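Notes follow once the structure below has been shown.
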Amino acid sequence: MRIGSFFCLLVFFCLNLKAQNYPSNYFRYPLDSAVNLVSPFGTLRDNHFHSGSDLRTNGKEGLVVYAAADGYISRIKIQSGGYGKAVYIDHPNGYTTVYGHLQKYHGALVRYIHQYQYKNKTFEFDKIFDKPLLFVKKGDTLGFSGNSGSSTGPHVHFEYRDTKTEKIINPAFFGVLPYDTLAPFISQLVFYKFVAEGLMPKQRLIFAKNKLVQEDSFWVWKDTMELDPEMYGVGVEAYDFIHNAKDPKGIFGYTLSLNGEQIFKHELNRFGFDETKYINTHIDYPYYKLERTRIQKCFVDDGNKFSNYITNKSKGKFFLNTGERGFLMLKVYDVNGNNAQVKVYYKVGSNRIDKERQNYLATLKGKKALYPLQTNYIRAAGFEAKLDPGDFYDTIYYYLKVLPRIKHVWAPVYQLHQALTPLHRNMDIAIKVDGIIEGLESKLELVYFNKEGDNPRSMGGNYNNGWVKGKASNFGNYSVLIDTVPPSLKQVFININPDPSDTLLWTFEIKDNFTGISSYEGYLNNRWILLDFDGKNNLLTYRFDEIYEAAKNDALNQANQGILNPTLELRIRVSDPKGNQTEKLFIMPFNGF
Ligand SMILES: [Zn+2]
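Numbering-wise, the sequence shown is residues 133 to 725 according to the numbering used here.
This is the structure:
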């Protein structure tokens, strides 16, 4: 009883927070169009929940992006990946808006950024303004929509944050709410049985829609489910349709009740960036890795500290007794309140010999355990790993194997557990090197293999006293490689982001074989120039600016001194993290621009 009433109070509080505290008419939509989303807040993604709303720009770049309300520029961040060209505005009402993947900035921002980049000799930077310097009015042009950073298609990434805590808030509460009268749909329910503490065998009862009948406002699973006297948890796969979108989106929230009493509720209201990786325990991670389908849990794992759940004492899990009959009701809903509900009747049989359970428990025999609340050390000859408290979600029964040697590695391949078990934070890994050619120590790094010897992925790391030490974001197969290959660099004649004002530019393709590009710099007639690095397209671009004008003057002076074909000297240097460097001199014709 006490749990029940406490629970109601929480729900009441939550709805109030949503309705009262967020100003829904204060901000304008940052584009000229009506609200139209490519991807809403909270969309389930690899290793994170989507932190904003992706605003549709109809596949185009160059749309005007407006300040959502009065305020001042509080941060400018430019990256070759991530949000690309982004700008943040702090508003006097305590919220921050963020605009990402811009093609370019406008007005005073352009001048400020250009000066900043030349002064600090860097294209990429993250400038946080302690004091207001650049003020904006609601509706001022900030820049133009683009596809910069790690964006995979033109759109604007738009966020609302609480300025003080930097927690990201669902933009729907501020009016970024698409017209939507379409109900979401549930495509499967999964019943998980808990066997060992916090562990699940692969027993699933999959639902399909053709087995349902409609009753009033909800669906009923036709057959009564037969369950065992065990601890259960439920998972759901569900999507939402919105108008003007061909593909289904994620749902906003869902609740599970057992015999009429709500035992679990999840809503994507707000969260901190330090919480976003809980996605890996919010969903059935192994199933996602194998099937690419995300089942959202209606229970909370012990190691799951994501702040958007409201649950009872048993965190959404429930124990069923022999002979018990009852029903479960699952409701999913979108941010407009459209919902879908399914009711499932069950009856509980008596204890039986459960082969699956026995097989599962047999696989744990002889394995060592890692515990999520303590520091765990894994040590073997030539291999060490360390996992700190909070690095993973639940007790893990692991194995460590030394695999047969493969070509080109400088240490054995170590297989630590398997990649279907998620990590919340990177763990420390150290591998002893077999033998090394003197002078090449700094070129050694850790590598990760999906399978044995397959697709090596750089993990970075550094050599120290016979070992290479670094971080691993996944369990799996590791070894050591040596990287002595410098990045490639060549001039190309393409403009990947066509912009009519961008006709005066030079473009270069830079690629690294393995580790990636860590630094790049260019000089035109020995003067540092601003090179825009587009990481996903491997493109370096120089847009003619005052340095070009200066070089042009050099050329005119040469011409005045009687030199027949004056040229411009462009020197570009590109490095990878292992210090492998390529430097090229391009003699650019002076064409009288
Ligand atoms: Zn986005």
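All residues carry an ideal CB built from backbone N, CA and C; glycine is no exception.
A quick note: this is a predicted structure, and the numbers were derived from the prediction, not measured.
Could you pull the start and end residues of the alpha helix (DSSP H) that residue i belongs to?
{"i": "residue 687", "result": "678-692"}
{"i": "residue 246", "result": "240-252"}
Could you check whether residue j and residue i sit closer than 8 Å to each other, using their CB atoms as the reference points?
{"i": "residue 400", "j": "residue 430", "result": "no"}
{"i": "residue 454", "j": "residue 412", "result": "no"}
{"i": "residue 514", "j": "residue 427", "result": "no"}
{"i": "residue 293", "j": "residue 230", "result": "yes"}
{"i": "residue 566", "j": "residue 435", "result": "no"}
{"i": "residue 599", "j": "residue 563", "result": "yes"}
{"i": "residue 535", "j": "residue 609", "result": "yes"}
{"i": "residue 323", "j": "residue 364", "result": "yes"}
{"i": "residue 551", "j": "residue 607", "result": "yes"}
{"i": "residue 95", "j": "residue 299", "result": "Here the chain covers residues 133 to 725 and nothing more, so residue 95 does not appear."}
{"i": "residue 377", "j": "residue 317", "result": "no"}
{"i": "residue 347", "j": "residue 184", "result": "no"}
{"i": "residue 169", "j": "residue 187", "result": "yes"}
{"i": "residue 396", "j": "residue 481", "result": "no"}
{"i": "residue 359", "j": "residue 452", "result": "yes"}
{"i": "residue 214", "j": "residue 285", "result": "no"}
{"i": "residue 710", "j": "residue 560", "result": "no"}
Once DSSP output is grouped into helix, strand and coil, what is the label at residue i?
{"i": "residue 414", "result": "helix"}
{"i": "residue 576", "result": "strand"}
{"i": "residue 667", "result": "helix"}
{"i": "residue 778", "result": "The question about residue 778 has no answer here: the residues shown for the chain are numbered 133 through 725."}
{"i": "residue 710", "result": "coil"}
{"i": "residue 716", "result": "strand"}
{"i": "residue 487", "result": "helix"}
{"i": "residue 356", "result": "coil"}
{"i": "residue 456", "result": "coil"}
{"i": "residue 570", "result": "coil"}
{"i": "residue 135", "result": "Any reading at residue 135 needs caution, since the residue's pLDDT is 36, under 50, leaving its predicted position unreliable; the model's value is listed next. Three-state DSSP puts residue 135 in a helix."}
{"i": "residue 153", "result": "helix"}
{"i": "residue 237", "result": "strand"}
{"i": "residue 396", "result": "strand"}
{"i": "residue 463", "result": "strand"}
{"i": "residue 306", "result": "helix"}
{"i": "residue 313", "result": "coil"}
{"i": "residue 725", "result": "Note that residue 725 has pLDDT 49, beneath the 50 cutoff, so the model's placement of it is unreliable and the number below is only indicative. In this structure, residue 725 counts as coil in the three-state DSSP scheme."}
{"i": "residue 595", "result": "strand"}
{"i": "residue 222", "result": "strand"}
{"i": "residue 334", "result": "The pLDDT assigned to residue 334 is 49, lower than 50, so where the model puts this residue is not dependable, and the model offers no usable value."}
{"i": "residue 702", "result": "strand"}
{"i": "residue 639", "result": "strand"}
{"i": "residue 497", "result": "coil"}
{"i": "residue 407", "result": "helix"}
Comparing the CB of residue i with every heavy atom of ligand 1, is any distance shorter than 7 Å?
{"i": "residue 598", "result": "no"}
{"i": "residue 184", "result": "yes"}
{"i": "residue 171", "result": "yes"}
{"i": "residue 180", "result": "no"}
{"i": "residue 223", "result": "no"}
{"i": "residue 540", "result": "no"}
{"i": "residue 289", "result": "yes"}
May I ask which residues mark the beginning and end of the beta strand (DSSP E) holding residue i?
{"i": "residue 115", "result": "Missing from the structure shown is residue 115; the chain here goes from 133 to 725 and no further."}
{"i": "residue 344", "result": "344-347"}
{"i": "residue 513", "result": "Premise fails: residue 513 is in no beta strand (DSSP E) and is neither H nor E."}
{"i": "residue 130", "result": "For residue 130 there is no data in the structure shown, the boundaries of the chain being 133 and 725."}
{"i": "residue 531", "result": "No beta strand (DSSP E) holds residue 531; DSSP gives it neither H nor E."}
{"i": "residue 656", "result": "651-656"}
{"i": "residue 186", "result": "185-188"}
{"i": "residue 609", "result": "608-614"}
{"i": "residue 276", "result": "273-277"}
{"i": "residue 621", "result": "620-624"}
{"i": "residue 297", "result": "Where residue 297 is concerned, there is no enclosing beta strand (DSSP E), given that its DSSP letter is neither H nor E."}
{"i": "residue 169", "result": "169-171"}
{"i": "residue 387", "result": "385-390"}
{"i": "residue 367", "result": "363-371"}
Closer than 8 Å, CB to CB, is residue i near chain D or not?
{"i": "residue 574", "result": "Chain labels in this structure do not include chain D; a single protein chain is all it has."}
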